[in-house]
Amino acid sequence: MVAYVNTETLPSLPPPKGLQGPAAWMRQNLFSNWINGTITVVLVIGILAALIPFVNWAFIKADWVGTSRDDCTSGGACWVFVYVHFKLFMLGLYPEAETWRALLVGGILVLTLAGLMIKGVPLKKYIQIFALFFFPIVAYVLLSGGYFGLPHVETNFWGGLLLTLVIAIVGIVAAFPLGILLALGRRSSMPIVKAICVVFIEVWRGVPLITVLFMSSVMLPLFLPEGMEIDKLLRALVGITLFQAAYLAEVVRSGLQAIPKGQTEAANALGLTYWQGMYKVILPQALKIVIPGIVNSFIALFKDTSLVLIIGLFDLLATIQGAFSNPKWLGYAIEGYLFAALVYWIFCFGMSRYSQHVERSLKTTH
Amino acid sequence: MENANATNAKPEIAVSLRDVNKWYGEFHVLKNVNLDVERGQRIVICGPSGSGKSTMIRCINRLEEHQAGQIIVDGIELNNDLKNIDQIRREVGMVFQHFNLFPHLTVLENCCLAPMWVRKIPRKQAEATAMEYLERVKIPHQAKKYPGQLSGGQQQRVAIARSLCMKPRIMLFDEPTSALDPEMIKEVLDTMIELAESGMTMLCVTHEMGFAKTVADSVIFMDAGQIIEMNTPDEFFNHPQHERSKLFLSQILGH
Amino acid sequence: MTDPNLSATPQTLSTVPSKPSFWNDPQKRALVFQVLLVIGIGILLWFIFSNTLHNLEKRGIRTGFDFLSRPAGFGISQTLIPYTEASTFGRTFFVGLLNTLLVAGLGIIFATILGFAVGIARLSTNWLISRIALVFIETIRNIPPLLQILFWYRAILPLLPGPKDSMSLAELFYLHKRGLTIPAPLTEPAFVWTLWAVLGALVLAFLIARWAKYRRESTGQQFPVFWTVLVVIIGLPTLVFFLTGSPLNWDIPALRGFNFQGGLTVIPELTALLLALSIYTAAFIAEIVRSGIQSVYKGQTEAASALGLRPNRTLQLVVIPQAMRVIIPQLTSQYLNLTKNTSLGVAIGYPDLVNVFAGTTLNQTGQAVEIIFMTMLVYLVISLVISMFMNWYNKRMALVER
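Residue numbers (the numbering used here), protein chains in the order written: chain A, 1 to 366; chain B, 367 to 621; chain C, 622 to 1023.
This is the structure we're talking about:
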């Protein structure tokens, strides 16, 4: 055999021309053979044919600001519809004078979330405790009023994005403890506890949310003693919480399953009781693993909140539909739905990006 | 067998690399690599990680594409012609670091898959051949098991048998023992030594000195994408010429 | 529970050897806890039950299931089985159930086709194709399905012309505001032979595949099974159809005044629901297909290539069998989601189970408990059947490991 030995180190040369740069990239990724080339050309033409009229309609020929539909004269999209109703879409019929309260709650929410999500923020533990236990109380007192001289605002006046967020956040926060209990119960060695948890989880997961909402709005009043009334929003919240708890339980259970058995054994060996071991050792690890899962189920819940319009609550989607069903604004359904889609998309896409980010950083730290 | 008649005539070139260059993006992995391997020769390739040794043997069966130079295997040039690639891959077997057995097929099915679909051999005949090779690697009784049920060493021996079932004329080994537990390395090396003794042309990327000393005709040392030393195993391990080879050997012998 | 106060052992008992105190015996503790739990749930259920009975009585609502045999007295816009206003509430249940299953079945077919296409496009080496697939997936997945249903139904379909100015294809298909009107098949008795031919062709195709496999394994020769089977399945029924004298006529729709006569009109609610759910579910299926195929370790394709297998054979023999183990369980759970999401049709008035039964029937009879119970039971049974299938499949397909 013959090998040609180079005892001197050869210099690294740049790759030959035609292997690098945009032209080479295009040849490899867009025109690698004639079929691919044809597909690329057809697709580019197709995209342009669809995108140009859309951009024209949605941006170039659109009307943005005004007070009534008469201001929509350019023949493109009438964003005046959204401009005029913006406060309605965000807060529903929340009284004008009290708007600051809703905005304040929104501000606190944004700060709390930023504190939870951004790495390196100090006192994380206290922010977590605030988010889980105190924020709901603060938000409720501010939004509902009746204390500290704040005028009472009935839940009928809550609406738009505000209501969507209230339902989603209450749904996830209230379902969380129940979900953890159910997950622990499903892994319990006590047969009756386990059976009850399995049945509870599988029943809620097996039925569509809309039947749960029907049930809570129609049957819940029947379940309660005579004379005890609960408002429509609370009824929906009860249904959503129970529904969500079942899904969260499965997410948490997947985290518990991922914790090696040695951890439980170590906790037992140190003399911790079941609840001490769970609280100090197992749950902190399990919950950390399932953060992406929790965020994903929150995304699903956020999308599902739109179902409350079927039982007559005025969330984001319902207020928008209400606005373009108004005879004064008939015919702007497309603008309305596109705006709604954009709002939902920003929230859901943002959260899914966050969950992917957490997933990646968990992978590197383990 | 083909190997037998190849040895008597003048040395036939099995693999030949001429000025082979390859880049990953901007990174120059193979620099002007030239190499001729005669039929029946056993070559051991070693070098630090990232030196381009795996890339080089992966170019020989076109798992990686070279961008400049010529690679001729069994008299067929490797280029963009799919027919040539097909023909070369039938003649060249490869064993990987992580075995890459098909987990959804039994050991026997793993061995029969390519002979049946590529060589179009009837099942009975393919199974008979497979059992023959499984016997040679000493695991015929595991034929009905799935790869997941075997130890690492057993899996690697199955992988060798699977390659041999295609009756290749050249075998490539890409660090076949580096994913194995120490106690399993020997069983795989024994199989490889037996194969070498049967006259197979072999190119092995490995750091196993014992293997190199027992069967290799020569050792190639690669660094930074080029071949910087080539010698008989004894000379290479006892009197390395190049500074880099000395350093490398002191490191692998160090532990 | 293991509240430390409860489990603290009184000093006097600790002198008793070998027998742990009542509270420190984990088995007894578990037993007591479970008994307490059962009693607690029992009390809760009894509380709910008695309240409900009392409330129903006070509102004068009847209980029991005899309402199912009473006449419904309302019409339904789409019925797959004969139904009139004189039919019973029991029949509305089945009409609704069938409408639900219709959307679910068609939706599953469309979503699977579109989802696999987009998922494979996502893996294309053509950058543009894979980007378009990515944009499709990320857009659709992050918008609530209800919004998408409403968008199609209330924003897009109204843009279509009225029946008079329908968009028409070859004067056979008409797309308009009130739906999609297509020719309806009218079969003669001899048509049954064509149906038999379809069955025969399927059996024949199966036999051909078996024979081809046998021949390949015994001689190594390969046979173009796919094309032969395709020809048989299409050719044989066609041949029989013409031999028996084309026993099928079409009821061609025709415009009379402001509406169509004859033909079959697919109601717009069905169109919108199908479109939205198929597209929404397809986005999820595409991701499942992509991640399933990518989950097959790269070394697997390399090993197959090194053995000389061509890319299409590698896909058929190595990648797809492994990817399917990952894909199928997730796919079934998407099918289940789609089936549950058909209930969103209630928002646009599609006459599914939730709409006609848990909606109209409930409003007319007021028997919420029975009706919600029956509706939930239907979905539970569907879920149960599908998850039983999934368990069976997972068990069968699990890779054998040590």
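Idealized CB from N, CA, C, for every residue including glycine.
Note that this is a predicted model, so its numbers are computed, not measured.
Collapsed DSSP secondary structure at L350/B in the structure displayed:
Nothing about residue 350/B can be reported from this structure: the residues present for chain B run from 367 to 621 only.
With a threshold of 8 Å, are at least 3 pairs of Cβ atoms found where one atom belongs to the region 699-715 of chain C and the other to the region 958-970 of chain C?
no
L348/B, DSSP secondary structure in three states
No information on residue 348/B is available, as it lies outside the stretch 367 to 621 that chain B covers here.
Kindly confirm or deny that the region 311-328 of chain A and the region 149-163 of chain A touch, where touching means at least three C-beta pairs closer than 8 Å.
yes
Tell me V461/B's beta-bridge partners as DSSP assigns them.
F539/B
Listed by chain order, chain B residues near P16/A by CB distance under 7 Å
Q433, A434
M622/B: contacting residues in chain C (beta-carbon distance under 7 Å)
Since the first residue shown for chain B is 367 and the last is 621, residue 622/B is missing from the structure and cannot be characterised.
Below 8 Å on the Cβ atoms is my contact criterion, and I expect M558/B with F539/B to pass it. Report the Cβ-Cβ distance as a whole number of Å.
7 Å
How many angstroms separate the CA atom of T606/C from the CA atom of D315/A?
No answer is possible for residue 606/C: the residues shown for chain C start at 622 and end at 1023.
Would you decide whether G350/A is buried or exposed? Buried here means 16 or more other CB atoms lie within 10 Å of its CB.
exposed
C-alpha gap between A805/C and M945/C, whole angstroms:
38 Å
Sub-8 Å separation of F827/C and L869/C beta-carbons:
no
Using CA coordinates, which residue listed in L796/C, F863/C, G920/C, N672/C is at the minimum distance from A893/C?
L796/C
Kindly list the residues whose CB is nearer than 7 Å to the CB of S1048/C, restricted to its own chain and excluding five residues on each side of it in sequence; keep chain order.
Outside the shown range of chain C, which is 622 to 1023, sits residue 1048/C, and nothing can be said about it.
Helix, strand or coil at I346/A according to DSSP, with G and I counted as helix:
helix
Within-8 Å CB hit, L983/C to chain A:
yes
Own chain partners of V581/B with C-beta closer than 6 Å, once the 5 adjacent residues on each side are dropped
R408, I559, A562
In three-state terms, what does DSSP make of S628/C?
Since pLDDT at S628/C reaches only 45, below the 50 mark, its modelled position is unreliable, and the value read off the structure follows with that caveat. Looking at S628/C - three-state DSSP - the assignment turns out to be helix.
Report all residues from its chain with a CB closer than 8 Å to the CB of R69/A; omit the five preceding and five following residues, and keep chain order.
C78, V80, F81, K328, W329, Y332
Can you give me, in chain order, the residues of the region 474-490 of chain B that have a beta carbon less than 8 Å from any beta carbon in chain C?
L479, A480, M482, W483, V484, R485, K486, I487, P488, R489, K490
K397/B touches chain A at which residues, Cβ-Cβ below 7 Å?
L10
Whole-angstrom distance between A258/A and F347/A, CA atom to CA atom:
29 Å
Can you grab the Cα-Cα spacing for the pair L150/A / G227/A, in whole Å?
28 Å
When you compare the CB of N29/A with every CB in chain B, is at least one pair closer than 8 Å?
no
Considering Cα atoms alone, identify which of L665/C, F978/C, S789/C is closest to I803/C.
S789/C
For E457/B versus P534/B, is the C-beta distance shorter than 8 Å?
yes
How would you call E229/A, buried or exposed, if buried means at least 16 neighbouring beta carbons within 10 angstroms?
exposed
L429/B at chain C interface by Cβ criterion, 8 Å
yes
In whole angstroms, what separates the C-alpha of K303/A from that of L309/A?
12 Å
Write down the C-beta distance between Q955/C and T902/C rounded to the nearest angstrom, noting that I regard them as a contact closer than 8 Å.
6 Å
Whole-Å CB distance - A509/B paired with L500/B, under 8 Å assumed:
6 Å
Three-way DSSP call (helix, strand, coil) for H608/B in this model
coil
What does a CB cutoff of less than 6 Å around A168/A pick up in its chain, not counting 5 residues either side in sequence?
L301, F302, T305
Between which residues of its own chain and L116/A is the CB-CB distance below 8 Å, once the five residues before and five after are set aside?
K124, I127, Q128, A131
What does a CB cutoff of less than 7 Å around L222/A pick up in its chain, not counting 5 residues either side in sequence?
none
Report the option in L307/A, L209/A, L184/A whose CA atom is closest to the CA atom of Y279/A.
L184/A
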